[in-house]
Every structure is written in structure tokens, then in C-alpha cells.
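Read in order, the letters of the sequence shown correspond to residues 131 to 570 in our numbering.
Heads up, the beta-carbon is just placed ideally off N, CA and C, and yes, glycines get one too.
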Amino acid sequence: MTTTRFAPSPTGYIHVGNLRTALFNYLIARKAGGQFILRLDDTDPERSSEAYADAIKEDLEWLGLTWDRVEKQSDRLERYEAAAQELRDMGRFYECFETPTELDLKRKKQLNMGKPPVYDRSALALSDKEKAALRVERAGHWRFLLDQSRIEWTDGILGELSIDAASVSDPVLIRGDGQFLYTLASVCDDVDFGITDVVRGSDHVTNTATQIQIIEALGGTVPSFAHHSLLTGPQGEALSKRLGTLALRDLREQGVEPMALLSLMARLGSSDPIELRSSMDELVEGFDLSKFGAAPTKFDVQDLFPLTARINAARSFDSVKERIAKLGVPGELAEQFWAVTRENITVLDDLNAWWTLFSEGAEPVIAEEDAEFVAEAMALLPDGPYDSETWGKWTAEVKAATGRKGRGLFMPLRKALTGQSHGPDMGAVLPLLQVIRAKG
Ligand code: GLU
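In C-alpha cells:
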């Protein structure tokens with residue numbers, strides 16, 4: 131059975147970059163009728179928190195990316211210890227004692243000599259006696275002994291990949307303080323949970339190479355790997371520093387609609403056009419990983435707003451009824467208020483400004499050359515309440531009295547009544563206007 135996972139570390143809020151990974155894995159599982167696992171990579175107790183784990187769940191739920199089960203790495207430490215022991219027993223795991231400063235120095239030397247900064251394996255030469263002596267000073271960390279051959283796989287997005295293991299440092303799997311690192315935990319989980327497909331960012335390509343060897347050493351089945359490109363800003367600039375401002379909860383806060391975000395992210399960077407979808411089923415249906423390319427993918431948060439506006443314009447009155455009532459719109463005006471505003475908002479919060487305008491009246495905008503005309507027109511405006519006929523009747527009268535017509539007639543009146551030069555049909559606006567400030 132196709133089984134995928136989304137494996138965030140609960141050390142912060144998830145952002146659009148994470149969403150791309152989550153969504154691809156979700157869509158693959160759903161398309162195949164398989165399983166989607168939410169895995170919390172929380173082996174770092176200092177940086178992980180329950181609050182972030184809850185926030186991640188909340189954000190995924192908001193988008194409708196529901197998981198079939200949750201797993202937590204912190205629950206599985208015994209399993210990782212057993213795997214570590216297995217690796218020790220087969221001679222693929224060795225203890226090292228270099229301090230971070232020593233390692234840094236080694237790397238600098240190698241770079242100075244024009245060599246790749248690969249760990250030199252000097253710990254392999256330590257005798258038992260030397261190790262025992264070193265252990266008194268500091269706790270050792272543990273590295274996986276890579277087999278220095280080429281590691282090859284067919285990547286679901288990048289195609290044929292081949293990495294020379296000799297160009298990669300033996301990965302540290304257990305830190306000096308005993309903490310299991312992501313690589314070992316991830317490999318054990320992927321094997322034990324029967325993960326068949328792993329999609330993640332292209333920053334994980336080297337991890338994948340080493341993980342393939344560890345999976346093989348542990349006798350597991352290597353999943354299919356695919357690495358999607360990383361997101362950049364609209365001008366191709368790195369997004370890594372700004373991702374913090376593109377947290378899913380911030381987008382939600384700004385009024386972005388889930389389907390707008392999903393429709394964009396499920397196609398961005400693929401050869402398919404971006405089209406607004408109305409359901410998850412449609413997104414699942416049209417998803418094809420092979421259509422995604424290796425090039426960095428430009429993401430512009432502004433693209434979410436036209437899509438959001440379209441979703442909002444298509445909403446039923448029922449879905450906004452409560453929100454409109456909360457604004458203070460009287461029940462008998464509510465449906466009409468929605469009819470007039472729905473095409474003139476981007477996010478639902480824009481309704482607030484419309485109701486302020488209708489209920490309090492707008493600061494009139496009157497050009498000097500129109501002042502006399504507007505005053506004359508206002509004198510002809512009957513007292514409210516107004517209905518759908520009022521605007522037509524009134525402007526006909528104004529036309530007859532002043533001789534103005536077309537734009538010269540309508541635009542100054544729109545600006546005087548709404549303070550804006552564009553907006554909904556004035557015939558529909560007038561009945562909603564509770565106060566007309568231009569009347570003085
Ligand atoms: N916790 C890892 C990360 O967020 C998971 C990577 C993976 O998908 O294996 O980068």
C-alpha cells in the first residue's frame with residue numbers, strides 16, 4: 131500500500147515551504163488510496179514543543195490535509211537504540227571524540243588544500259584504550275560508516291541521481307549527549323511504518339544518499355524518493371529568511387482561503403497551469419509528480435489574493451450570514467449587503483470597511499468644478515429609506531435639472547456618496563447607505 135508521511139519538527143510554525151512537502155505527500159497517498167502519516171520529528175527535546183505540534187495539526191486541519199495516523203519520534207527512542215546496536219554489531223557504527231572546534235579546524239584545513247571537507251575517519255584508528263581514556267574527558271558521538279561506493283536512485287522529480295559516498299562525511303547518528311539525530315530516527319520510522327514514497331525538499335538530497343545506505347544496512351526496503359525544488363521569492367531571491375513571515379497561520383490570519391493556497395501550491399513549479407479548484411478531490415485527481423521540474427520555484431504571496439477573491443465572490447450567503455450579522459448589518463439588509471459587496475472584496479475582512487461606509491457614510495470626495503452640481507443634486511435627493519429604483523429616478527431628475535449626462539453625471543455622485551471612484555452598482559448601493567454625509 132502506498133504510504134507517505136509529512137515529518138515536520140515541532141520547533142516552529144509551518145510555512146508555505148513545508149506546505150509544499152506536506153501537500154505532495156498527502157496527494158500521492160490520497161491518489162493511490164493509501165495512507166498519509168503525520169510524523170513529528172521531535173527527538174530534540176530542547177527545541178520541540180507540544181504547543182508547536184498542536185499548531186502544526188491545527189494548520190493542516192485548516193487546509194483539510196487530514197492524516198491517517200500520528201507518530202512521534204520521542205515515543206520510539208528504544209527502537210532507535212536497538213537499530214544503533216544493530217549497526218554497532220555489524221561494524222558500521224563507530225564512536226568519535228572530536229570536539230566541534232577540532233572538526234571545524236579539520237574542515238578548514240581540507241578546504242585550504244582544495245579538498246572536500248569530508249570527515250577523515252581518524253576515530254577509526256583509535257584503540258580501545260585510547261577510546262576509554264577519551265571517554266573520561268568527554269562523551270563520544272557515533273557515526274555511520276558509509277560504504278564508499280556510488281549511491282544511485284531514480285528520483286521522482288530529479289531523475290537519475292548518483293552520489294559518490296566518498297564525497298560525504300560519515301553521518302553522525304547519535305550526539306555526545308546521547309540524543310538520536312534525525313537521520314537514524316527517520317530511517318527507522320520509514321522502514322517500520324512501511325513508507326513507500328518520500329517527497330521532500332532538494333536540500334535533503336545528500337541525506338537521502340546516506341539514508342539509503344543505512345536502510346540497506348538495517349535490511350529495510352528503500353522507498354521511492356523525490357526531491358522538489360525549493361521556493362524562492364518572486365524575483366528568484368532566496369526565501370529561507372522570509373519563510374518565517376509566510377507561516378500558514380499568518381496567511382490564514384490575512385484571510386487567505388485554504389483552497390486558494392492549495393490550488394496554487396499543488397501546481398506551482400509544474401507544467402500544469404494554476405487553476406482554482408473547488409475540492410480536494412479535484413486536486414488529487416489532477417496531481418502528477420512527474421510534471422514538476424528541478425528549477426527553483428518562484429512563489430509570490432500576492433498570487434493568493436486574486437484566487438481568494440474568486441472563492442469569496444462565489445460563496446453562498448449562508449456561509450457569511452453570521453459574519454455579516456456580527457458586523458451589525460440589520461437582518462433585512464444582510465442579503466443585499468452581501469450581493470453588493472461579494473464581488474468587491476478580496477478577503478472577508480474587507481466586508482468591515484464596506485459596512486463602515488454604508489453605516490457611517492463616506493467622507494465625500496467632491497472636485498471643485500463639481501461642487502455646485504453635487505449640491506444641486508443633493509437637494510433633489512429624497513429622504514431615505516431608498517429602494518432599488520431610487521438611484522435611477524434621482525439621477526434622471528438630476529439629469530433633467532442640470533443637463534449633465536453619462537460619466538459627468540454619475541461619477542461625481544458616486545464619489546460624493548461613497549468617497550470612491552469605483553465600486554458596486556450605485557442602484558444597489560443607495561438602499562444600503564444609512565447615512566449620506568454629502569447631504570450635509
Ligand atoms: N524533520 C525533517 C525536516 O523537516 C524531515 C525531513 C524528511 O522528510 O525526511 O526537514
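Asked, Found
"Ligand 1 heavy atom lying under 7 Å from the CB of Ala546", "no"
"Same chain, Cβ closer than 7 Å to Leu254, five either side skipped, listed in chain order", "Tyr224"
"Neighbour-count burial assignment, Lys239, 16 or more Cβ in a 10 Å radius", "exposed"
"Residue burial classification, Lys545 (beta-carbon count within 10 angstroms, cutoff 16)", "buried"
"N-terminal and C-terminal residue of the beta strand (DSSP E) that Glu201 is part of", "Arg199 to Lys202"
"Near ligand 1: Ala185 beta-carbon under 7 Å from a heavy atom", "no"
"Residue burial classification, Arg135 (beta-carbon count within 10 angstroms, cutoff 16)", "buried"
"Backbone CA spacing between Gln432 and Arg567 [nearest angstrom]", "35 Å"
"N- and C-terminal bounds of the alpha helix (DSSP H) containing Ala160", "The sequence shown places Arg at residue 160, rather than the Ala named in the question. Unbroken alpha helix (DSSP H) run through Arg160: Val146 to Lys161."
"With 16 other Cβ atoms within 10 Å as the buried cut-off, status of Asn155", "buried"
"Bridge-paired residues (DSSP) for Arg534", "Paired residue(s): none; Arg534 is not in a bridge."
"CB of Thr476 within 8 Å of CB of Ala439, strictly", "yes"
"Closest residue to Pro426 among Asp307, Phe227, Glu367 and Leu275 (Cα-Cα distance)", "Glu367"
"Counted within 10 angstroms of its Cβ, other Cβ atoms place Leu560 as buried (16 or more) or exposed", "buried"
"Span separating the alpha-carbon of Ala181 from that of His357", "29 Å"
"Length of the line joining the Cα atoms of Asp205 and Gly399", "36 Å"
"His552: CB within 7 Å of a non-hydrogen atom of ligand 1", "no"
"Which of helix, strand or coil DSSP assigns to Thr338", "helix"
"Straight-line Cα distance separating Ala396 from Leu547", "43 Å"
"Of the residues Gly514, Gln278, Asp517 and Leu195, the one placed nearest Arg222, counting alpha carbons only", "Gln278"
"Inter-residue CB distance, Ala507 and Leu543 (contact presumed, cutoff 8 Å)", "6 Å"
"Sheet register partners of Gly549 (DSSP bridge)", "According to DSSP, which records beta bridges pairwise, Gly549 is partnered with nothing at all."
"For Tyr516: DSSP bridge partner residues", "DSSP, once it has assigned bridges, lists no residue as partnering Tyr516."
"Unbroken alpha helix (DSSP H) run spanning Leu119, endpoints", "As shown, the chain starts at 131 and ends at 570. That puts residue 119 outside it, with no answer to give."
"Selection from Gln466, Glu502 and Glu499 that minimises the alpha carbon distance to Trp485", "Gln466"
"Pro388 versus Trp192: straight-line alpha-carbon distance, rounded", "7 Å"
"Selected residue, minimal CA-CA separation from Tyr249, among Lys261, Leu195, Arg453 and Asp300", "Asp300"
"Nearest-angstrom Cα separation, counted from Val352 out to Asp320", "9 Å"
"For Tyr143, the residue or residues it bridges with in DSSP", "In the DSSP output, where bridge partners are listed per residue, Tyr143 has none listed."
"Span of the alpha helix (DSSP H), counted from its first residue to its last, around Leu314", "Tyr312 to Asp322"
"Residue interval of the beta strand (DSSP E) (run including Tyr182)", "Counting along the chain, Tyr182 falls outside any beta strand (DSSP E), though it belongs to the alpha helix (DSSP H) covering Glu180 to Leu193."
"Cβ neighbours of Leu381 in the same chain (closer than 6 Å, five flanking residues each side left out)", "none"
"Inter-residue CB distance, Asp285 and Phe355 (contact presumed, cutoff 8 Å)", "6 Å"
"Short Cβ contact (8 Å threshold) for Thr151 with Gly423", "no"
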